[in-house]
Amino acid sequence: MDRTFNMKRDFTIDIFEFILANYRPGNVFQFEITADILHPDIVQFILEKVPVGLFRFEIGIQTVNQKANLEVSRKQNFEKTAQIIKSIEHKVEMHLDLIVGLALDYFEDIKYSFESVFKLYPPELQLGFLKFLKGTPVRDKFEQHGFVFDPNPPYQIIKSNYLNENELQQIVIVENALEIYWNKPRAPLTLKYITEHYSIFDFFLGLGSLFVSKRPFHQYILNDVYDTLKEYVIQNFEEDSMLLDMVSIDYYLQHKTKPKSFNNKELERFEKNKVVQYLKLNHHKFRHIMIPINFDYDVLKNENKLISKDSILIIEYNGVEKPKNIIQFEPTFDLFETQNV
546 MDRTFNMKRD FTIDIFEFIL ANYRPGNVFQ FEITADILHP DIVQFILEKV
596 PVGLFRFEIG IQTVNQKANL EVSRKQNFEK TAQIIKSIEH KVEMHLDLIV
646 GLALDYFEDI KYSFESVFKL YPPELQLGFL KFLKGTPVRD KFEQHGFVFD
696 PNPPYQIIKS NYLNENELQQ IVIVENALEI YWNKPRAPLT LKYITEHYSI
746 FDFFLGLGSL FVSKRPFHQY ILNDVYDTLK EYVIQNFEED SMLLDMVSID
796 YYLQHKTKPK SFNNKELERF EKNKVVQYLK LNHHKFRHIM IPINFDYDVL
846 KNENKLISKD SILIIEYNGV EKPKNIIQFE PTFDLFETQN V
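546 is the number of the first residue of the sequence shown in my numbering; add one for each residue after it.
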């Protein structure tokens with residue numbers, strides 16, 4: 546419960562060593578830490594000794610706006626925090642927190658913080674809203690910042706000198722879209738692509754607005770998620786042909802059994818048969834989706850870089866779990882030159 550326990554190098558390593566000596570398979574230990582004060586020896590200990598997935602770190606970034614941080618006597622080096630996160634993210638699962646409504650944090654500041662933190666691609670990003678709990682300093686000084694909050698628990702912010710009610714409502718829409726499409730996760734490839742090429746905050750706001758215009762955020766089925774995403778992309782990114790491919794791949798990777806065609810780009814049956822024969826795929830045991838793409842899927846997924854590559858993406862379904870066998874096949878000859886009749 547102590548988010549500053551990692552200030553002491555020896556104390557932290559002692560705790561970690563005790564866990565390593567006594568944990569059982571399947572255990573996961575969550576720590577709330579302050580990342581920018583994580584000692585280099587602790588980082589090295591994690592990299593050398595901690596098994597992947599044993600630790601989960603919750604890091605309260607809250608805001609990147611230094612004026613807002615200083616207003617609550619909080620110091621944070623976001624650049625160092627980001628560096629620490631990137632150095633250990635392959636060993637430790639990350640949960641990052643932002644808070645909406647802090648004093649001196651305007652709408653554009655919140656947008657900037659959101660986009661800066663989202664670029665770290667944490668498995669879970671929580672967008673929380675300032676609450677005025679009894680006995681806390683923020684409640685004691687609420688009048689000087691024009692804070693208005695719900696008098697009933699959980700005493701959440703309604704407006705302030707820095708955010709009006711409409712702006713707060715827009716951020717609520719972003720929060721709901723974030724939960725549905727990223728934290729689940731249901732569209733990681735699409736959202737990483739958006740982040741690298743557009744404003745991810747604006748994307749969530751537009752997508753969430755379309756979503757809630759059709760149904761409540763908490764009443765939907767899986768097809769609603771992708772039909773809305775597809776509609777939003779077609780309406781607003783018509784010139785970006787790659788983006789719809791990202792949406793399609795995210796859709797296909799969410800199913801345990803082969804789903805219905807999503808974007809009408811799947812190979813024709815005779816083309817699929819040729820690929821099955823050439824790669825000796827087990828079409829008796831598994832089902833396959835095959836779609837032509839013009840980028841390197843593995844590089845985009847793992848490095849968030851877009852590299853041109855004409856190929857066929859093959860997604861294999863076993864009917865038990867979501868696809869794990871994903872093949873990017875690049876024919877070195879015209880495999881489909883002659884159609885078998």
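Every residue, glycine too, gets a C-beta built ideally from N, C-alpha and C.
- Rounded to the nearest whole angstrom, the CA to CA distance from V595 to I587 is 11 angstroms.
- Taking a cut-off of 8 angstroms on C-beta distances, the stretch 834 to 843 touches the stretch 852 to 864, as three or more cross pairs fall below it.
- The stretch 730 to 742 makes no contact with the stretch 694 to 704, as fewer than three CB pairs between them are under 8 angstroms.
- The criterion of a C-beta distance shorter than 8 angstroms is satisfied by S754 and I718.
- By the neighbour-count criterion, in which 16 or more other beta carbons inside 10 Å mark a residue as buried, N706 falls on the exposed side.
- When only Cα atoms are considered, L678 and A580 end up about 26 angstroms apart.
- D654 is a Cβ neighbour of N610, given a cutoff of 8 angstroms.
- By the Cβ neighbour-count rule, S618 is exposed, with fewer than 16 other Cβ atoms within 10 Å of its own.
- L812 is the residue among N849, L812, E848, S853 whose C-alpha sits nearest the C-alpha of H833.
- Secondary-structure assignment with DSSP links P837 through a beta bridge to I857.
- The beta carbon of F762 sits closer than 6 angstroms to those of N721, all from its chain and outside the five residues before and after it, given in chain order.
- The beta carbon of N709 sits closer than 8 angstroms to none of the beta carbons in its chain outside the five residues before and after it.
- Pairing D555 with Q715, the inter-Cα distance amounts to about 45 angstroms.
- A contact between stretches requires three or more CB pairs, one per stretch, nearer than 8 angstroms, and the stretch 771 to 784 fails this requirement with the stretch 819 to 832.
- For I582, the closest of H690, K553, V757 by C-alpha to C-alpha distance is K553.
- Comparing C-alpha distances from K737 to each of D685, E603, K664, T802 shows the shortest one belongs to K664.
- Counting along the chain, R619 sits inside no alpha helix (DSSP H), nor does DSSP assign it H or E at all.
- In this structure, DSSP gives V573 a state outside helix and strand, which the three-state scheme calls coil.
- With respect to the C-alpha of V683, the residue from P667, N711, G646, F652 having the closest C-alpha is G646.
- According to the DSSP assignment, K759 belongs to the alpha helix (DSSP H) that extends over 745 to 759.
- Annotation: F576 to E603 spans about 6 angstroms, alpha carbon to alpha carbon.
- Annotation for D790: I838 place their beta carbon closer than 6 angstroms to its own, counting only its chain and skipping 5 residues before and after.
- Contact check for H640 and E669: beta-carbon distance about 5 angstroms, within the 8 angstroms limit, so the pair qualifies.
- With respect to I644, T626 sits apart: the two C-beta atoms are not nearer than 8 angstroms.
- E669 is bridged by DSSP to H640.
- Taking the CA atoms as reference points, N711 sits about 55 angstroms from F881.
- Taking the C-beta atoms as reference points, Y862 is found nearer than 8 angstroms to F831.
- Contact between V637 and F590 is ruled out by a C-beta separation of about 12 angstroms, above the 8 angstroms threshold.
- Counting the other CB atoms within 10 Å of its CB gives N551 a total of 16 or more, which places it among the buried residues.
- Cα atoms of N614 and K631: separation of roughly 22 angstroms, rounded to the nearest angstrom.
- In this structure, F782 lies away from S793, with their beta-carbon atoms at least 8 angstroms apart.
- Within 10 angstroms of the beta-carbon of K819 lie 16 or more other beta-carbons, which makes it buried.
- Per the coordinates, the alpha-carbon of V662 lies some 21 angstroms from the alpha-carbon of K676.
- Closest option to I745, judged by alpha-carbon separation, among N567, K846, N572, F659: F659.
- In summary, F563 is exposed, with fewer than 16 beta-carbon neighbours lying within 10 Å of its beta-carbon over all protein chains present.
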